[in-house]
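Trainee: Just passing along the structure, written as structure tokens.
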Amino acid sequence: LDEALQNLELEKTSEIEIPPEKAFGPRDPEKVRLVPLRRLVAKGITPQIGAQIEFNGKPATVRTIGGGRVQLDFNPPLAGKTLVYEITVKKKIEDPKEKVLALVHRRIPPVEIEKFKLKMKEALIELEIPEEAFYIEGIQLAKRGIAMDIQKFFPEIQTVRFIETYQRKPAEA
Numbered sequence: 009l010d011e012a013l014q015n016l017e018l019e020k021t022s023e024i025e026i027p028p029e030k031a032f033g034p035r036d037p038e039k040v041r042l043v044p045l046r047r048l049v050a051k052g053i054t055p056q057i058g059a060q061i062e063f064n065g066k067p068a069t070v071r072t073i074g075g076g077r078v079q080l081d082f083n084p085p086l087a088g089k090t091l092v093y094e095i096t097v098k099k100k101i102e103d104p105k106e107k108v109l110a111l112v113h114r115r116i117p118p119v120e121i122e123k124f125k126l127k128m129k130e131a132l133i134e135l136e137i138p139e140e141a142f143y144i145e146g147i148q149l150a151k152r153g154i155a156m157d158i159q160k161f162f163p164e165i166q167t168v169r170f171i172e173t174y175q176r177k178p179a180e181a
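In the working numbering, the protein residues as written are 9 to 181.
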């Protein structure tokens, strides 16, 4: 998808096909296993055909049930499939600050992008987080993801600093 995006025109809808090799890979028959039904039941799992379950810490799809055995497929659900996307490029972001804020919005979509304050200085980015983002579930993981994204797309950046400011609220009378 990333490769195809480079050649698309603004505001033009395009259909992109991604072969399995560039998506989730081919289906691997080695990742399909038969498991005794009683082993699943013992773990509190009631299998149903097509259901996504977790077995031994790995996600699997229940393919068949019969004869006291369950066929589990540990391949990703889209393995072996050609993916088809319909895409319209709305905007090409050129400004570095705008690019960073787009990466932030990708990880923290509930907060309006205008509420973040950003400073870029040589090898440092400082990002002030608005108070409404402090209590979003998974905010620490989102911040880690933002830092990794920035360092991936901006190799000159050595440090990403997040600033959270907690101010005393005036006492209510």
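Beta carbons are placed, not taken as given, at the ideal position from N, Cα and C, and that holds for glycine.
None of the values given here were measured: they were computed from a predicted structure.
Note down the Cα distance separating alanine 155 from isoleucine 121, rounded to an integer number of angstroms.
Mentor: One-based indexing of the sequence shown puts residue 155 at position 147. One-based indexing of the sequence shown puts residue 121 at position 113. Their backbone Cα atoms lie some 16 Å apart in a straight line.
Trainee: Tell me the rounded alpha-carbon separation between proline 55 and glycine 75.
Mentor: Here the question's residue 55 lines up with position 47 in the sequence shown. Here the question's residue 75 lines up with position 67 in the sequence shown. Taking the straight line from one Cα to the other gives about 14 Å.
Trainee: Using a Cβ-Cβ cut-off of 6 Å (strictly less than) and excluding sequence neighbours within five positions of phenylalanine 162, which residues of its own chain qualify?
Mentor: Here residue 162 refers to the residue found at position 154 of the sequence shown. Counting only Cβ-Cβ distances below 6 Å, and skipping sequence neighbours, we find nothing.
Trainee: I think alanine 110 touches isoleucine 116, with their Cβ atoms under 8 Å apart; what is that distance to the nearest whole Å?
Mentor: One-based indexing of the sequence shown puts residue 110 at position 102. One-based indexing of the sequence shown puts residue 116 at position 108. Wrong, their Cβ atoms sit about 11 Å apart, outside the cutoff.
Trainee: Would you check if the segment 24-32 and the segment 70-90 touch, i.e. whether three or more CB-CB distances between them fall below 8 Å?
Mentor: Judged by Cβ distances under 8 Å, the segment 70-90 makes contact with the segment 24-32, as three or more pairs qualify.
Trainee: With C-beta atoms as the reference, is leucine 18 less than 9 Å away from isoleucine 95?
Mentor: Numbered from its first residue, the sequence shown carries residue 18 at position 10. Numbered from its first residue, the sequence shown carries residue 95 at position 87. The answer is no: Cβ separation not under 9 Å.
Trainee: Whole angstroms is fine: what's the gap from alanine 131's alpha carbon to valine 108's?
Mentor: Looking up residue 131 in the sequence shown gives position 123. Looking up residue 108 in the sequence shown gives position 100. Distance between the alpha carbons of alanine 131 and valine 108 is about 14 Å.
Trainee: Output yes or no for whether 9 Å exceeds the beta carbon distance between glutamine 79 and valine 43.
Mentor: Here residue 79 corresponds to residue number 71 of the sequence shown, with the count starting at 1. Here residue 43 corresponds to residue number 35 of the sequence shown, with the count starting at 1. Yes.
Trainee: Might you give, ordered along the chain, the residues of its own chain that have their beta carbon closer than 6 Å to the beta carbon of glutamate 25, omitting 5 neighbours on each side?
Mentor: By one-based count along the sequence shown, residue 25 stands at place 17. For glutamate 25, where only same-chain residues beyond five positions count, the Cβ hits under 6 Å are Thr90 and Val92.
Trainee: Can you tell me which residues form a DSSP beta bridge with tyrosine 93?
Mentor: Within the sequence shown, numbered from 1, the residue matching residue 93 stands at position 85. Tyrosine 93 pairs with Ile24.
Trainee: In the DSSP output, which residue or residues are listed as bridge partners for alanine 68?
Mentor: Numbered from 1 along the sequence shown, position 60 holds the residue referred to as residue 68. Answer is Ile61, bridged to alanine 68.
Trainee: Return the bridge partner residues of arginine 41 from the DSSP annotation.
Mentor: Along the sequence shown, one-based indexing puts residue 41 at 33. For arginine 41, which the question treats as bridged, DSSP gives the partners Leu80.
Trainee: Buried or exposed for asparagine 64, going by 16 or more other Cβ atoms inside 10 Å?
Mentor: Counting from 1 along the sequence shown, the entry for residue 64 is found at position 56. That one is exposed.
Trainee: Could you tell me the alpha carbon to alpha carbon distance between arginine 114 and arginine 77, rounded to whole angstroms?
Mentor: As a working mapping, residue 114 is identified with position 106 in the sequence shown. As a working mapping, residue 77 is identified with position 69 in the sequence shown. Rounded to whole angstroms, arginine 114 to arginine 77 spans 43 Å at the Cα level.
Trainee: Give a yes or no on whether the C-beta atoms belonging to isoleucine 61 and leucine 48 are separated by under 9 Å.
Mentor: Here residue 61 is taken as the residue at index 53 of the sequence shown, counted from 1. Here residue 48 is taken as the residue at index 40 of the sequence shown, counted from 1. Contact flag set, yes.
Trainee: Taking 9 Å as the threshold (C-beta atoms), are isoleucine 73 and isoleucine 53 in contact?
Mentor: Mapped onto the sequence shown, residue 53 falls at position 45. Mapped onto the sequence shown, residue 73 falls at position 65. Cβ distance not < 9 Å, so isoleucine 53 and isoleucine 73 don't count as in contact.
Trainee: Run the CB neighbour count on valine 97, radius 10 Å, all protein chains shown included, and call it buried at 16 or more, exposed below.
Mentor: Walking along the sequence shown from the start, residue 97 turns up at place 89. Its Cβ having fewer than 16 others within 10 Å, valine 97 is exposed.
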